Amino acid sequence: MLYSPRRLEALLGNPLHLVTYQQIAGLVGNAEAREAEDLDYKRLYPAGEEGNDALAIDIATFANHLGGLIIVGMAEVRDIPSAPLGVAFAGLENRIRNVVADRVHPMPRFATRPVENPADPGKGFLLVAIPPSVLAPHAVSIPSQEGKGLRWPRRHGADKVWLSESEIAAAYRRRVMAATDQASRMAEVENNAITTTAATSAHSRYPLPLLVVTLVPDLPGDVLMDAATVRAFREHIAEHVAMIGAFTPTFHEVGVAHRRLIAEAGTETPLAVRAELYTDGAGTFSVHPARRDSPQQETFRVRVLDAELVVRTASALRYLARHARDRAGANGAALVRVMLVADTHLHPAVLPAEPTTRWPYNDPELVRYRLTLNTPTADGDQPLGTRLCRLAYGESVAWLDDLADDGPPLARATAHLTADLLQSFGVPENRQIRRDGSLNAQAWGPHWEPIKRWAQEAGIALATDDDPQ
214 MLYSPRRLEA LLGNPLHLVT YQQIAGLVGN AEAREAEDLD YKRLYPAGEE GNDALAIDIA
274 TFANHLGGLI IVGMAEVRDI PSAPLGVAFA GLENRIRNVV ADRVHPMPRF ATRPVENPAD
334 PGKGFLLVAI PPSVLAPHAV SIPSQEGKGL RWPRRHGADK VWLSESEIAA AYRRRVMAAT
394 DQASRMAEVE NNAITTTAAT SAHSRYPLPL LVVTLVPDLP GDVLMDAATV RAFREHIAEH
454 VAMIGAFTPT FHEVGVAHRR LIAEAGTETP LAVRAELYTD GAGTFSVHPA RRDSPQQETF
514 RVRVLDAELV VRTASALRYL ARHARDRAGA NGAALVRVML VADTHLHPAV LPAEPTTRWP
574 YNDPELVRYR LTLNTPTADG DQPLGTRLCR LAYGESVAWL DDLADDGPPL ARATAHLTAD
634 LLQSFGVPEN RQIRRDGSLN AQAWGPHWEP IKRWAQEAGI ALATDDDPQ
């Protein structure tokens with residue numbers, strides 16, 4: 214999906230992936246549609262070095278600032294669109310990708326969309342949407358300017374400026390600090406989910422294993438928290454199926470906490486599921502995925518099915534990414550983490566608190582139970598892996614668009630993330646989803662039929678257990 218700033222959506226009357234030729238042509242003569250920090254018009258990019266230089270510079274200029282849109286095929290006079298000239302599409306998108314890959318360092322994320330003129334097939338407007346980049350600053354190499362080396366452009370109003378040495382240094386520092394801030398934000402929202410669950414589960418006699426998936430976008434969004442937002446959220450969850458393979462809505466109860474919306478499953482579902490969705494696009498999705506064995510005198514072990522971990526993780530990634538992208542307006546990539554803990558009171562965010570007395574082993578240092586990993590087979594659940602553990606993590610980075618839309622990219626992201634988690638159990642990767650995104654029909658057990666239907670609808674390939682990894 215194209216990066217689609219809300220200001221431009223309002224100006225055009227549609228998100229960029231839906232806008233029509235007539236809507237773009239209708240900008241002609243509109244003073245509100247003048248070139249700005251987030252909008253530029255180009256008649257065309259002429260062939261040759263100078264045209265390629267201009268193309269690379271324009272895309273880097275937006276990526277280094279607030280992001281924006283280039284409409285190729287539109288003339289302008291004094292920054293105001295003046296005539297829908299159109300541009301030939303043949304080879305243009307490939308040219309743009311090749312030029313940016315060759316001349317902009319590191320290569321920024323961008324997307325193109327041809328909008329054809331119904332009266333002139335093969336020609337029209339080419340939209341080039343560039344989100345603000347967490348990898349900024351992006352340098353441009355300009356072969357036509359010998360001896361110039363790398364230069365760093367940035368959008369300034371309807372023009373561009375070249376960053377000075379001190380501005381370049383400050384931009385690189387922001388890039389490094391952004392990664393640190395994102396990791397801190399992830400720990401904060403995950404800890405909030407854990408401590409809330411620990412407080413609400415204090416009445417349970419025995420440990421409650423918990424799977425928590427956390428997502429923090431690279432480029433935060435912003436949800437206006439008011440009564441209308443909560444009302445729209447309530448209407449959304451009443452009809453939304455969050456769990457992959459399910460047929461009924463997942464959440465039934467809505468709440469509000471500081472800068473976040475909360476959705477809970479309530480009593481209508483056997484799963485204890487909770488989502489905390491923050492106004493900046495971050496969020497957590499928590500579910501109790503395990504089946505407990507009977508407590509023993511010295512050991513309390515908890516069986517966890519790998520198939521359940523995989524499908525719950527995929528569902529959580531999709532749900533959180535849709536909140537970040539579609540509700541909060543975040544874009545770009547996201548840091549994602551999956552955490553599995555044998556009991557909420559064993560998480561580092563809760564351990565410093567007073568020891569709990571709700572189950573027999575009330576000193577966290579003396580608790581001897583562990584999580585064990587099982588996998589479904591024709592003969593029932595069988596042990597998988599060589600290690601037991603109380604707390605396991607998996608962490609990865611993925612594009613929001615890849616996570617929010619059903620399809621092979623979501624499957625691949627799930628495979629990568631869950632493999633990182635399962636390695637704590639001595640298992641190199643999950644059996645359910647291959648790293649290429651194909652599904653192994655033999656590894657899902659009772660989950661297979663609904664998962665198969667989902668995969669077929671999403672265009673995800675099916676593999677067999679005998680296929681090479």
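Residue numbers (our numbering): 214 to 682. All C-beta atoms, glycine included, are put in the ideal place defined by N, C-alpha and C. The structure displayed is predicted, hence computed values, not measured ones.
Item: For D618, list the residues DSSP reports as bridge partners.; Value: Its beta-bridge partners do not exist; DSSP assigns none.
Item: State yes or no: is the C-beta of D251 within less than 8 Å of the C-beta of G280?; Value: yes
Item: Quick check: the Cα distance between Q236 and P334, rounded to an integer number of angstroms?; Value: 17 Å
Item: Count the other C-beta atoms from every protein chain shown that fall within 10 angstroms of the C-beta of V610, then say buried if there are 16 or more, exposed otherwise.; Value: exposed
Item: Short of 6 Å in beta carbon distance, which residues of its chain neighbour L221, apart from the five on each side in sequence? Order them along the chain.; Value: L282
Item: Can you check which of these residues, T408, G458, I293, R603, is closest to E489 by C-alpha distance?; Value: T408
Item: Assess contact between the segment 381-400 and the segment 300-313, defined as three or more Cβ pairs (one per stretch) separated by less than 8 Å. Is contact present?; Value: no
Item: Please work out which residues of its chain come closer than 8 Å, Cβ to Cβ, to R648, disregarding the five sequence neighbours upstream and downstream, and give them in chain order.; Value: R625, A628, H629, A632, E642, Q682
Item: Counting only the same chain and skipping the five closest in sequence on each side, list residues whose C-beta sits under 6 Å from that of L197.; Value: Outside the modelled stretch of the chain, which goes from 214 to 682, sits residue 197, for which no answer is possible.
Item: Alpha carbon to alpha carbon, what distance is there between V549 and L339?; Value: 33 Å
Item: Check I664 in the structure and name its three-state DSSP category.; Value: helix
Item: Grab me the residues of I457's own chain with a C-beta within less than 6 Å of its C-beta, minus the 5 sequence neighbours each way, in chain order.; Value: V524, A527, S528, W667
Item: Would you call D271 buried or exposed, if buried means 16 or more other Cβ atoms sit within 10 Å of its Cβ?; Value: buried
Item: Thinking just about the alpha-carbon of each residue, which of G434, L268, Q595, L224 is nearest to the one in E248?; Value: L224
Item: Which ranges does the alpha helix (DSSP H) cover as unbroken runs of at least 4 residues, wholly within the segment 234-284, from first to last along the chain?; Value: 234-238, 262-276
Item: If you draw a straight line from the C-alpha of E263 to the C-alpha of V290, how long is it?; Value: 22 Å
Item: Taking C-alpha atoms, which residue in S397, S354, S346, L348 lies nearest to L268?; Value: S354
Item: Measuring CB to CB, does G494 end up less than 8 Å from A543?; Value: yes
Item: Can you name, in chain order, every residue of its own chain whose Cβ lies under 8 Å from the Cβ of R472, other than the five neighbours on each side?; Value: M438, Y491, T492, D493
Item: For L623 and L616, which I take to be in contact (beta-carbon distance under 8 Å), what is that distance rounded to the nearest angstrom?; Value: 6 Å
Item: So what's T590 in DSSP terms, helix, strand or just coil?; Value: strand
Item: Taking I646 as part of the beta strand (DSSP E), name the residues at either end of that continuous run.; Value: Premise fails: I646 is in no beta strand (DSSP E) and is neither H nor E.
Item: Specify the secondary structure class of I673 as computed by DSSP and reduced to three states.; Value: coil
Item: Does any C-beta atom of chain C lie closer than 8 Å to the C-beta of P344?; Value: You won't find chain C in this structure, because it holds only one protein chain.
Item: Report the CB separation of P294 from L240 in whole angstroms; it is logged as a contact under 8 Å.; Value: 5 Å
Item: Measuring alpha carbon to alpha carbon, tell me which residue in L604, N404, S217 is nearest L428.; Value: N404
Item: Apart from the five residues just before and just after W661, which ones in its own chain have a Cβ nearer than 7 Å to its Cβ?; Value: A654
Item: Under the rule that 16 or more other beta-carbon atoms within 10 Å means buried, what is T557, buried or exposed?; Value: buried
Item: Alpha carbon to alpha carbon, how far is G286 from G337?; Value: 7 Å
Item: Please identify the residue among A671, R516, T590, P663 whose C-alpha is closest to the C-alpha of L601.; Value: R516
Item: Between which two residues does the alpha helix (DSSP H) carrying F446 extend?; Value: 440-450
Item: Looking at the structure shown, is A476 part of a helix, part of a strand, or coil, going by DSSP?; Value: strand
Item: Give the range of the alpha helix (DSSP H) segment to which V762 is assigned.; Value: There is no way to answer for residue 762, as the model of the chain reaches only from 214 to 682.
Item: Would you report the Cα separation of A541 and D618, rounded to the nearest angstrom?; Value: 16 Å
Item: Would you decide whether T570 is buried or exposed? Buried here means 16 or more other CB atoms lie within 10 Å of its CB.; Value: Low confidence applies to T570: its pLDDT is 48, below 50, so where it sits in the model is not reliable enough to give any reading.
Item: Determine the direct distance from the alpha carbon of I646 to that of L675, and round the result to whole angstroms.; Value: 9 Å
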